[in-house]
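Participant: Chains A, B and C are the protein sequences, given in the same order. Counting with the working numbering, you get residues 151 to 458 for the letters of the first sequence. Counting with the working numbering, you get residues 260 to 373 for the letters of the second sequence. Counting with the working numbering, you get residues 401 to 622 for the letters of the third sequence. A virtual CB, placed ideally from N, CA and C, is assigned to each residue, including glycine. Next up is a structure, given as structure tokens.
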Amino acid sequence: MKAGSNLEKMLSAGHFAVTGELGPPQGNNVEEVRHKAGFLKGIVESVNITDNQTAVVRMASWAACKILIDEGLEPNYQMVCRDRNRLALMADILGATALGIKNVLCLSGDHQRFGSHPESKNVYDLDSVQLLAAFKKMRDEKKFLNDKDLDGAPELFLGAASNPFADPFEFRVTRLAKKIAAGADFVQTQCIYNMDKFREFMKQTVDRGLHEKCYILAGVTPMKSVGMAKYMAKFVPGMDVPESVVKRLQGVDKKQQAAEGIKMAIEQIEEFKEMEGVAGVHVMAIEWEHRAKEIIEGAGLLPRPVVD
Amino acid sequence: MRLQYPTNVRVIQLPCSGRVDILHLLRSFEDGVDGVYVAGCMEGDCHFLTGNLKARRKVEYVQKVLESLGIEPERIAMYNMSSAEGPRFAEVAREFTERIKELGPSPIATAQAA
Amino acid sequence: MIVGDSKPLEEILSMIEGRDKVLVLGCRGCVTVCNVGGEKEVGILASALRIARKKAGLPPTVEEMTLERQCDPEYVEELADVAENYDAIVSIACGVGPQFVSERFRDVAVFPGINTTFIGGALEHGVWAERCQSCGNCLVHNFGGLCPIARCSKSLMNGPCGGSASGNCEISPEVPCVWDQIVQKMSAMGRLEELEQVWPNKNWLTARDGGPRKRVREDLKQ
Chain A
151 MKAGSNLEKM LSAGHFAVTG ELGPPQGNNV EEVRHKAGFL KGIVESVNIT
201 DNQTAVVRMA SWAACKILID EGLEPNYQMV CRDRNRLALM ADILGATALG
251 IKNVLCLSGD HQRFGSHPES KNVYDLDSVQ LLAAFKKMRD EKKFLNDKDL
301 DGAPELFLGA ASNPFADPFE FRVTRLAKKI AAGADFVQTQ CIYNMDKFRE
351 FMKQTVDRGL HEKCYILAGV TPMKSVGMAK YMAKFVPGMD VPESVVKRLQ
401 GVDKKQQAAE GIKMAIEQIE EFKEMEGVAG VHVMAIEWEH RAKEIIEGAG
451 LLPRPVVD
Chain B
260 MRLQYPTNVR VIQLPCSGRV DILHLLRSFE DGVDGVYVAG CMEGDCHFLT
310 GNLKARRKVE YVQKVLESLG IEPERIAMYN MSSAEGPRFA EVAREFTERI
360 KELGPSPIAT AQAA
Chain C
401 MIVGDSKPLE EILSMIEGRD KVLVLGCRGC VTVCNVGGEK EVGILASALR
451 IARKKAGLPP TVEEMTLERQ CDPEYVEELA DVAENYDAIV SIACGVGPQF
501 VSERFRDVAV FPGINTTFIG GALEHGVWAE RCQSCGNCLV HNFGGLCPIA
551 RCSKSLMNGP CGGSASGNCE ISPEVPCVWD QIVQKMSAMG RLEELEQVWP
601 NKNWLTARDG GPRKRVREDL KQ
């Protein structure tokens, strides 16, 4: 065991794992965090807490993670390289692990030009691959990046993200391999809609044996409406929403679109359960935390197994 | 063709409208002229291919400068006409003179006189 | 070369407001090549400033001068006899120019007439793009000769990130994804596997992060 987190235990026991996601509020509204966490309690192994997602300022991820721990949930602390240099990243992971955080997801982060403060200076002292390497070093060698000893080393289950749908496609599995080489213990993918492309991605991943070195969780985000599908297809860079997804949603009554979106997510999860190399699913029900249970339950994944 | 055009128009001949320089245009205003226009060949008919298109862009540049300085950008214009169109030349001269008369004297000349 | 952009006339006018004698000072270096601060542009800016002054009924004293370079003391020295005649010197060299002139002439007020934008080159006449961030430790040969530090919006050394789409960066479809280009170029050279290497964290000491930089060449120093 690297960190002994619930997520790590579940995956190493060979169970098909389920993670959720929670975006902290744009303020210090603790109740909001507790409220959203309530929907996810008991239905997922751990919950990703986003870090200034889409470069919009929100309650610090580590703080929201601590609130989840106090509520009896396990967080995955997301960390982006956009807002902090290596000093702050290392300091924050020491602080986070001191508070009981065990899972971390290392990300580059969306560029701030999209976000709430586009005029800000960005950092990118490290990139996501280097961040993984830094945390692996802190955990395994008990040293800072400068090779000086730590007074207390973090125990971490290291996560990375992978977007099978970004370009150039032929390099995507290589980049995943780099993240694994740098230290990723688990990987969560971008939301998947193009199943054909994902199958191809997983085939290449399995061919390289990467699924044996790292747990891969397939990303699922239910479509709430045709509007959301069209928006994601058009405006979210690196998102691949095939026309067939939009058409299927268009094929049902407007009031039924959300239910159809959930049905589609469930069908996807059923396929992931059988897909070689896929160790679990990451259910990102964005601002829809209260519907996550329907999806997970619908996919026959409740109750969650208990591991020790 | 003994065509009449306003006597206040002073013609400066150039081998091609592309030879017009931003500085020629600005210096005219500096010296107090009320308006300037560049008469180039029809677009697509430039003997040097793009001289008249370049002239238009220079005119547009000077329009922006004038605007920044609080001077009516209409005081400078680009016209395209063929060298075989004498009547058109006279017509443009009258048309532009009318436009400038409506705008009144250049604010530079006015300020200098005061 | 160093590429710049003219400041808006309105901004320059407000900077020099109330200053009677003005010198517009150009540079025959990079800013001449990128058509923003050479003799030609000195003439245009000076003329525009004179028009503004005449219009306002002010003395139109705006004179013109262009130095071989504003980043070398020997050329800045050419101003020695005249600098103090002016109430304002508007330098349209890169950011180095106004500082060299300011440092040399204590009592003279110097104003920047251009914004220095980046180190880059001309893609075509009238179009320039950034190529270098002067990080002080060039690594481009490892990335197909293309710089991920200057040209990736996130300076990723292990890109491309998940926002790369159809060859473009996530920040704008107008911005090419340099990591897409790096992958294509390395593929074309049959060296794609070199990109499998995990690049360790970069030492930024040689970049601006290590403090203002200075270089001494003992073999040249007198």
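Would you call residue 494(A) buried or exposed, if buried means 16 or more other Cβ atoms sit within 10 Å of its Cβ?
Facilitator: In the structure as shown, chain A starts at 151 and stops at 458, and residue 494(A) therefore has no counterpart that could be examined.
Participant: Quick one: what does DSSP say residue 511(C) is sitting in, helix, strand or coil?
Facilitator: Looking up residue 511(C) in the third sequence gives position 111. Here residue 511(C) sits in strand by DSSP.
Participant: To be precise: take each residue of the segment 578-602 of chain C, compare its Cβ to all Cβ atoms of chain A, and keep it if any distance is under 9 Å. Which residues remain?
Facilitator: Per Cβ criterion, the list reads 579, 580, 583, 584, 587, 592, 593, 595, 596, 597, 598, 599, 600, 601 and 602.
Participant: Considering residue 465(C), what are the terminal residues of the alpha helix (DSSP H) in which it resides?
Facilitator: Here residue 465(C) corresponds to residue number 65 of the third sequence, with the count starting at 1. No alpha helix (DSSP H) holds residue 465(C); the beta strand (DSSP E) holding it covers 462-467.
Participant: Give the DSSP-derived three-state secondary structure of residue 451(C) in the structure shown.
Facilitator: As a first step, residue 451(C) is located in the third sequence; it is residue number 51 there, counting from the start. Here residue 451(C) sits in helix by DSSP.
Participant: If contact means a Cβ-Cβ distance below 8 Å, which residues of the segment 343-370 of chain A contact chain C?
Facilitator: Within the segment 343-370 of chain A, no residue has a Cβ that lies closer than 8 Å to any Cβ of chain C.
Participant: Hey, out of 315(B), 333(B), 262(B) and 356(B), whose CA is closest to residue 268(B)'s CA?
Facilitator: Start at 1 with the first residue of the second sequence, and residue 268(B) comes out as number 9. The residue with the shortest Cα to Cα distance from residue 268(B) is 356(B).
Participant: With 9 Å set as the bound, which would you pick, yes or no: does the beta-carbon of residue 273(B) sit closer than that to a beta-carbon of chain C?
Facilitator: The residue given as residue 273(B) occupies position 14 in the second sequence. For residue 273(B), the answer is no, since every Cβ of chain C falls outside 9 Å of its Cβ.
Participant: Give me, in chain order, the residues of the same chain whose beta-carbon lies closer than 7 Å to that of residue 610(C); leave out the 5 immediate sequence neighbours on both sides.
Facilitator: Your numbering for residue 610(C) matches position 210 in the third sequence. Around residue 610(C): 604.
Participant: Near residue 415(A), what residues of its chain come up, given a Cβ to Cβ distance below 6 Å and the 5 sequence neighbours on each side ignored?
Facilitator: Counting from 1 along the first sequence, the entry for residue 415(A) is found at position 265. If we look at residue 415(A) and ignore the five residues flanking it on each side, its Cβ neighbours are 370, 372 and 445.
Participant: DSSP three-state call for residue 486(C): helix, strand or coil?
Facilitator: Here residue 486(C) refers to the residue found at position 86 when the third sequence is read from its first residue. Here residue 486(C) sits in coil by DSSP.
Participant: If I measure Cβ to Cβ from residue 483(C) and keep anything under 6 Å in the same chain, skipping five residues before and after, which residues do I get?
Facilitator: Position 83 of the third sequence, counting from 1, holds the residue named residue 483(C). Within the same chain, residue 483(C) has close Cβ partners 505 and 508.
Participant: Along the chain, where does the beta strand (DSSP E) that runs through residue 170(A) open and close?
Facilitator: Looking up residue 170(A) in the first sequence gives position 20. Per DSSP, residue 170(A) belongs to the beta strand (DSSP E) from 167-172.
Participant: Taking all protein chains shown into account, decide if residue 266(B) is buried (16 or more other Cβ within 10 angstroms of its Cβ) or exposed.
Facilitator: Sequence index remark: in the second sequence, residue 266(B) carries index 7 (1-based). The residue is exposed, with fewer than 16 neighbouring Cβ atoms inside 10 Å.
Participant: What three-state label does DSSP hand residue 567(C) in the structure shown?
Facilitator: Stepping through the third sequence from its first residue, residue 567(C) is reached at position 167. Residue state, collapsed to three classes: coil.
Participant: Using 10 angstroms around the beta-carbon of residue 181(A), count the other beta-carbons present and answer buried if the total reaches 16, otherwise exposed.
Facilitator: Translated into positions along the first sequence, residue 181(A) becomes position 31. The residue is exposed, with fewer than 16 neighbouring Cβ atoms inside 10 Å.
Participant: Between the alpha carbons of residue 360(B) and residue 409(C), how many angstroms are there, rounded?
Facilitator: As a working note, residue 360(B) is residue 101 in the second sequence. As a working note, residue 409(C) is residue 9 in the third sequence. Computed Cα separation, rounded: 27 Å.
Participant: Could you tell me the boundaries of the alpha helix (DSSP H) in which residue 586(C) lies?
Facilitator: Counting from 1 along the third sequence, the entry for residue 586(C) is found at position 186. Segment 578-588, the alpha helix (DSSP H) holding residue 586(C).
Participant: Measure how close the beta-carbons of residue 420(A) and residue 449(A) come, nearest whole angstrom, since I'm counting them as under 8 Å.
Facilitator: The residue given as residue 420(A) occupies position 270 in the first sequence. The residue given as residue 449(A) occupies position 299 in the first sequence. The Cβ separation is near 6 Å, so the contact holds.
Participant: Among the candidates 423(C), 426(C) and 401(C), whose CA atom is the shortest distance from the CA of residue 434(C)?
Facilitator: By one-based count along the third sequence, residue 434(C) stands at place 34. Residue 401(C) is the option with its Cα nearest to residue 434(C).
Participant: So, residue 226(A) versus residue 193(A), is the Cβ gap smaller than 9 Å?
Facilitator: Reading the first sequence from its first residue, position 76 is the one you call residue 226(A). Reading the first sequence from its first residue, position 43 is the one you call residue 193(A). Contact flag unset, no.
Participant: Helix, strand or coil, according to DSSP, for residue 475(C) in the structure here?
Facilitator: On the third sequence, position 75 is the one that residue 475(C) refers to. Note: residue 475(C) maps to helix in three-state DSSP.
Participant: Mind pulling the alpha helix (DSSP H) runs of 4 or more residues that sit fully within the segment 419-452 of chain A?
Facilitator: The qualifying runs are 442-448.
Participant: Exposed or buried, what is residue 547(C) when buried is set at 16 or more other beta-carbons lying within 10 Å of its beta-carbon?
Facilitator: Against the third sequence, residue 547(C) aligns to sequence position 147. Label assigned to residue 547(C): buried.
Participant: What span of residues does the alpha helix (DSSP H) with residue 414(C) cover, start to end?
Facilitator: Mapped onto the third sequence, residue 414(C) falls at position 14. Looking at the DSSP string, the run of the alpha helix (DSSP H) that includes residue 414(C) is 409-415.
Participant: Quick one: what's residue 293(B) bridged to in DSSP?
Facilitator: Numbered from its first residue, the second sequence carries residue 293(B) at position 34. BP columns for residue 293(B) are empty, so no partner.
Participant: Can you confirm whether residue 514(C), when its beta carbon is compared against all beta carbons of chain B, has any partner nearer than 9 Å?
Facilitator: What you label residue 514(C) is simply residue 114 of the third sequence in a count that begins at 1. Residue 514(C) does not count as touching chain B.
Participant: Starting from the beta carbon of residue 370(B), find every residue of chain C whose beta carbon is closer than 8 Å, and list them in chain order.
Facilitator: Your numbering for residue 370(B) matches position 111 in the second sequence. Neighbours of residue 370(B) on chain C, chain order: 454, 455, 456 and 457.
Participant: At 4 residues or longer, what runs of the alpha helix (DSSP H) sit wholly inside the segment 222-252 of chain A?
Facilitator: With a minimum length of 4 residues, the continuous alpha helix (DSSP H) runs that stay inside the segment 222-252 of chain A are 236-248.
Participant: The beta strand (DSSP E) that contains residue 197(A), what's its start and end?
Facilitator: Mapped onto the first sequence, residue 197(A) falls at position 47. Its beta strand (DSSP E) spans residues 196-199.
Participant: Hey, is residue 554(C)'s beta-carbon within less than 9 Å of any beta-carbon in chain A?
Facilitator: As a position in the third sequence, residue 554(C) is number 154, starting the count at 1. With 9 Å as the cut-off, residue 554(C) counts as an interface residue toward chain A.
Participant: Just confirm the distance between the C-beta atoms of residue 402(A) and residue 352(A), as a whole number of angstroms; I'd bet it's less than 8 Å.
Facilitator: Walking along the first sequence from the start, residue 402(A) turns up at place 252. Walking along the first sequence from the start, residue 352(A) turns up at place 202. Their Cβ separation, rounded to whole angstroms, is 29 Å, which puts residue 402(A) and residue 352(A) out of contact at 8 Å.
Participant: Work out the CA separation of residue 274(B) and residue 461(C) for me, nearest whole Å.
Facilitator: As a first step, residue 461(C) is located in the third sequence; it is residue number 61 there, counting from the start. As a first step, residue 274(B) is located in the second sequence; it is residue number 15 there, counting from the start. C-alpha separation (whole angstroms): 33 Å.
Participant: What does a CB cutoff of less than 7 Å around residue 559(C) pick up in its chain, not counting 5 residues either side in sequence?
Facilitator: By 1-based counting over the third sequence, the position of residue 559(C) is 159. Excluding residues within five positions, the ones whose Cβ falls inside 7 Å are 548, 552 and 579.
Participant: Looking at residue 152(A): is its Cβ nearer than 9 Å to the Cβ of residue 306(A)?
Facilitator: Stepping through the first sequence from its first residue, residue 152(A) is reached at position 2. Stepping through the first sequence from its first residue, residue 306(A) is reached at position 156. Yes, Cβ-Cβ distance for residue 152(A) and residue 306(A) is below 9 Å.
Participant: Specify the secondary structure class of residue 331(B) as computed by DSSP and reduced to three states.
Facilitator: Sequence index remark: in the second sequence, residue 331(B) carries index 72 (1-based). Coil, per DSSP.
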